[in-house]
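So the structure is just underneath, and the comments pick up after that.
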Amino acid sequence: MTDNKSLETNEKTSNLFAITASANYINQALEEAREVDKQLKILQNYGNGILLAATSMPSDEFNEMMLRKSPIFIRHISAFDEVVDINNNMTTQDIAALIMQHYRSIAENSKIAVQIRKAKGEYYFNPIDLKGEIDKILIELGAETEIKAPDLILSILLDEEKCCIGMTPSNKNISSWSGGMVHYRKEDADISRAKFKLMEAITVFDLDLSSIRTALDLGAAPGGWTSVLLEKDIAVTAVDTGDMDPRLNKFRKFTYIKSNAAELELPEQNFDLLTSDISWNPKNTAVLVNRAAQFLKAGGYAIVTVKLMGEKVKRTIRETCEIYQEVFDIVAIKQLFHNREEVTVLLRKR
996 MTDNKSLETN
1006 EKTSNLFAIT
1016 ASANYINQAL
1026 EEAREVDKQL
1036 KILQNYGNGI
1046 LLAATSMPSD
1056 EFNEMMLRKS
1066 PIFIRHISAF
1076 DEVVDINNNM
1086 TTQDIAALIM
1096 QHYRSIAENS
1106 KIAVQIRKAK
1116 GEYYFNPIDL
1126 KGEIDKILIE
1136 LGAETEIKAP
1146 DLILSILLDE
1156 EKCCIGMTPS
1166 NKNISSWSGG
1176 MVHYRKEDAD
1186 ISRAKFKLME
1196 AITVFDLDLS
1206 SIRTALDLGA
1216 APGGWTSVLL
1226 EKDIAVTAVD
1236 TGDMDPRLNK
1246 FRKFTYIKSN
1256 AAELELPEQN
1266 FDLLTSDISW
1276 NPKNTAVLVN
1286 RAAQFLKAGG
1296 YAIVTVKLMG
1306 EKVKRTIRET
1316 CEIYQEVFDI
1326 VAIKQLFHNR
1336 EEVTVLLRKR
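Residues in the sequence shown are numbered from 996 upward in steps of one, following the numbering used here.
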């Protein structure tokens, strides 16, 4: 996969990108990138879900086309401006100063996130310490350091003795999270880690829950997704043959129906949102969800996971979505950070 082209140090790089995806689906991510640029060259495949690529087109053009494509498997891209040398004789202050000499003209009060990733190599310094030194310089320049909602992102990719750097508006990177890795704090009270999948989907799909009052959660046990919705003051009807976590009983808007979802009988058009994270054959799940769509209001959303079967990843997604399209419009599909061998799909009932 890697083309034999080395990084050029201290030269302007108008077409250098880091492309990030799950290591399990890096080939699908590369295919998505090459649908935009057939002549894309992979300079390095670091084996950890990060590709270093050179585009055959100007970075702005590639960036805009990539954003319009809304890729499924590519979680994050970052354009680089420069490649600089670092070595063991340099302190973190030296490296920070070297990087920031390229970014002295920063608008006052700009909110900037510094995102440092190790692509390859062992380092004598902690990247967190390097971020701290860069943050100090940014503050001296009149900027504000920000993590969650930055105006700009300073991306730094450490590749042994070379360091790729680039400053871009946060909306150009597909995700404002470093590498598209959306992290949530694990709490002892969490019912299951599956909750993070739904939390990320709501964020990534920019789903406004303010008008959602009722939700139907299919295959809900033990209740990870149900808990997320209840905590947002949404009335949830959870359906599963398995038992729900008893801690959910403290929520007054929680209803549990112990039943096979395929045999469910409820009033039609009764819910604003339908969710399902069932570990079944994805086509069978799609048929089940389509049947349950009768309980969803017209225009209501559904968030579902599609389990990817074997090596026929794109075929699985295409054929499963064809079933969903009998009832729903496909709004978005994403292989989220908290997904494993699956993608998450946002649907809207027609």
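Using N, Cα and C, we set each Cβ at its ideal position, and we do this for glycine too.
Please read all numbers here as calculations on a predicted model, not as lab measurements.
Go ahead and label residue i buried or exposed: buried means 16 or more other beta carbons lie within 10 angstroms of its beta carbon, across all protein chains shown.
i, result
"F1012", "buried"
"Q1023", "buried"
"T1315", "buried"
"R1112", "buried"
"N1168", "buried"
"H1333", "buried"
"G1294", "exposed"
"I1229", "buried"
"D1032", "buried"
"T1236", "exposed"
"N1058", "buried"
"D1089", "exposed"
"K1126", "buried"
"E1006", "Note that E1006 scores 41 on pLDDT, short of 50, meaning its location in the model is unreliable; the coordinates nonetheless yield the value given after this. E1006 comes out exposed."
"E1030", "exposed"
"A1028", "buried"
"E1128", "buried"
"S1065", "exposed"
"S1274", "exposed"
Any beta carbon of chain C sitting closer than 8 Å to that of residue i?
i, result
"N1010", "Checking the listed chains, one finds no chain C in this structure; it contains a single protein chain."
Rounded to whole angstroms, what's the CA-CA distance from residue i to residue j? Just pull it up for me.
i, j, result
"F1068", "S1017", "7 Å"
"L1261", "S1073", "47 Å"
"T1015", "V1234", "36 Å"
"K1115", "R1343", "42 Å"
"N1166", "Y1179", "21 Å"
"I1132", "E1026", "39 Å"
"S1054", "A1257", "49 Å"
"G1161", "I1151", "7 Å"
"S1187", "L1303", "21 Å"
"S1206", "L1224", "13 Å"
"L1268", "I1142", "30 Å"
"T1300", "T1221", "15 Å"
"L1341", "F1075", "32 Å"
"R1345", "G1305", "31 Å"
"Y1119", "E1155", "11 Å"
"T997", "M1052", "Confidence in T997 is poor, its pLDDT being 45 and thus under 50, which makes the residue's placement unreliable; the coordinate value appears in the next sentence. Cα to Cα, the separation comes out at about 19 Å."
"L1062", "K1253", "43 Å"
"L1046", "Q1110", "16 Å"
"R1099", "I1134", "11 Å"
"I1021", "G1044", "6 Å"
"A1102", "L1147", "11 Å"
"L1035", "A1049", "6 Å"
"T1270", "M1060", "31 Å"
"I1318", "E1056", "35 Å"
"R1242", "I1312", "35 Å"
"V1326", "L1204", "16 Å"
"K1309", "I1328", "12 Å"
"P1145", "N1019", "29 Å"
"N1285", "L1149", "44 Å"
"A1184", "G1219", "11 Å"
"E1226", "P1122", "35 Å"
"D1080", "N1244", "58 Å"
"E1117", "P1217", "41 Å"
"K1172", "A1196", "Here the sequence assigns Trp to residue 1172, which means Lys is not the residue at that position. Those two C-alpha atoms are separated by around 14 Å."
"L1283", "D1238", "20 Å"
"A1091", "G1174", "21 Å"
"L1353", "M1095", "No answer is possible for residue 1353: the residues shown for the chain start at 996 and end at 1345."
"L1093", "N1010", "21 Å"
"R1208", "L1259", "20 Å"
Since residue i and residue j should fall inside the 8 Å C-beta cutoff, what is the C-beta to C-beta distance between them, to a whole number of angstroms?
i, j, result
"Q1264", "K1292", "5 Å"
"H1071", "S1170", "5 Å"
"K1181", "V1078", "That belief does not hold up - the Cβ atoms of K1181 and V1078 are roughly 37 Å apart, past 8 Å."
"A1297", "F1323", "6 Å"
"F1290", "A1210", "Contact flag wrong, Cβ pair sits at about 11 Å."
"G1214", "D1124", "The Cβ separation is near 45 Å, so there is no contact."
"D1212", "V1231", "6 Å"
"T1163", "V1177", "At roughly 19 Å, the Cβ-Cβ gap does not stay under 8 Å, so T1163 and V1177 are not in contact."
What do you reckon, is the C-beta of residue i under 7 Å from a heavy atom of the ligand SAH?
i, result
"D1089", "Because no ligand of any kind appears in the structure shown, any question about the ligand SAH cannot be addressed here."
For the region 1060-1138, which segments carrying the beta strand (DSSP E) assignment without a break, of at least 3 residues, lie completely within its bounds, in sequence order? Complete beta strand (DSSP E) runs here, min 3: 1071-1075, 1077-1080 and 1106-1115.
Cβ contact (3+ pairs, closer than 8 Å) linking the region 1331-1341 and the region 1182-1201: The region 1331-1341 vs the region 1182-1201: in contact.
Counting only runs that start and end within the region 1218-1293, where is the beta strand (DSSP E) found for 3 or more residues in a row? Entirely contained in the region 1218-1293, the beta strand (DSSP E) runs reaching 3 residues are, in chain order, 1230-1235, 1249-1253 and 1266-1271.
Three Cβ pairs or more, each shorter than 8 Å: is that satisfied between the region 1079-1092 and the region 1030-1050? The way I'd put it, the region 1079-1092 doesn't touch the region 1030-1050; fewer than three beta-carbon pairs between them come closer than 8 Å.
Would you be able to state if there are at least three C-beta pairs under 8 Å between the region 1237-1249 and the region 1270-1283? Judged by Cβ distances under 8 Å, the region 1270-1283 makes no contact with the region 1237-1249, as fewer than three pairs qualify.
Examine the Cβ distances between the region 1099-1106 and the region 1131-1145 and report whether three or more of them are shorter than 8 Å. Yes, since at least three Cβ pairs between the region 1099-1106 and the region 1131-1145 fall closer than 8 Å, the two stretches touch.
In chain order, which alpha helix (DSSP H) runs of at least 4 residues are fully inside the region 1149-1219? The alpha helix (DSSP H) runs lying completely inside the region 1149-1219 and spanning 4 residues or more are 1190-1199, given in chain order.
Which residue spans inside the region 1289-1329 form an unbroken alpha helix (DSSP H) run of at least 4? The qualifying runs are 1308-1319.
What residue ranges within the region 1030-1060 form continuous beta strand (DSSP E) runs of no fewer than 3 residues, ordered along the chain? Correct list: 1036-1040 and 1045-1049.
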